[in-house]
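Here you go:
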């Protein structure tokens, strides 16, 4: 089926596993390798599941968006189409389409058709919330207040599990063809920490399995105690790698590949993690007092 009906194949897979972020990411990446474009959700074109737009395009369903429940999805489907934001505000009265649902729609790009020339997703969101009589927890001067590009991309990642309108690393990291790397080859690149799973070794030393979001893919890595507990200096404070890394940080890493006979594939071992101050200032400010 994959060979002769690729669009139907991937649409079925994505729909079946729409509530599993990890599987959606894997199947979306594979679909793109086969020339199929996965679009973000759209307020008028999306349904609960993924759906086929044309022979090369699949649209993400509302069911894959965090913050949108089953009852809200039923309301959205029954009220489609929405002519414009005013029609949307009028139709959603007395429905399960709450402030949280509207935020999820706005930050995933589902309402982008209603962006005005000087709009951002945030200003559009605040305007719709105001028109619908819902409170919003953003700057009162929201027309001039803008999320950074990274902020908006992180919202997509948080709500959809992957980036759609760009990637935070596209201006700072060089592309790597991971499949072409050889065993024992050394790698220096930039990535975003997606997940940190710490364990304690039999010797009582902490180490970690860290998932990084790279420009091309998400990758699970292994960080042994000598790297995880390596001495570091941050803002003149002596500390360790373990103490300063957090999920969501953009970091520079050095590592190497090593062949795993059990998996018949290379593992990626991290040899060093460097935390640059500027892109991580907000997180570092929050953790500095605990160092």
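In this note's numbering, the protein residues as written are 640 to 930. Glycine included, each C-beta is placed from N, C-alpha and C at the ideal position.
- In the displayed model, residue 877 falls within a strand according to three-state DSSP.
- For the options 688, 881, 699 and 896, the alpha carbon positioned closest to that of residue 839 is the one of 881.
- When DSSP states are grouped into helix, strand and coil, residue 656 belongs to the coil group.
- Shown here for residue 814: same chain residues with a beta carbon closer than 7 Å to its own, the five before and five after excluded, namely 854 and 855 in chain order.
- Sorting 913, 826 and 820 by C-alpha distance to the C-alpha of residue 904 places 820 at the top.
- Under the three-state reduction of DSSP, residue 830 is assigned to strand.
- With contact defined as three or more Cβ pairs closer than 8 Å, the segment 712 to 724 and the segment 677 to 690 are in contact.
- Assignment of beta-bridge partners to residue 896 by DSSP yields 907.
- The criterion of a C-beta distance shorter than 8 Å is satisfied by residue 867 and residue 846.
- By alpha-carbon distance to residue 664, the top candidate from 808, 701, 758 and 857 is 857.
- Two segments are said to touch when three or more pairs of C-beta atoms, one from each, lie closer than 8 Å; by this definition the segment 730 to 744 touches the segment 697 to 712.
- Segment contact: the segment 693 to 705 against the segment 753 to 773, fewer than three CB-CB distances shorter than 8 Å; contact not assigned.
- Less than 8 Å separates the beta-carbon of residue 834 from that of residue 886.
- Between the segment 821 to 828 and the segment 890 to 900 there are three or more C-beta pairs closer than 8 Å, enough to call the two in contact.
- In its chain, beyond the 5 residues on either side, 687 and 701 have a beta carbon closer than 6 Å to the beta carbon of residue 712.
- Residue nearest to residue 914 within the set 901, 644 and 890 is 890 (criterion: CA-CA distance).
- Going by DSSP, residue 864 is part of the alpha helix (DSSP H) stretching over 864 to 867.
- The C-beta distance from residue 926 to residue 883 rounds to 7 Å, short enough to meet the 8 Å contact threshold.
- Beta-bridge partners of residue 924 (DSSP): none assigned.
- For residue 710, the uninterrupted alpha helix (DSSP H) segment begins and ends at 709 to 718.
- Listed in chain order, the non-local C-beta contacts of residue 910 below 7 Å within the same chain comprise 866, 893, 894 and 895, local neighbours out to five positions each way being set aside.
- With respect to the 8 Å criterion, residue 799 and residue 747 are classified as neighbours on the basis of their beta carbons.
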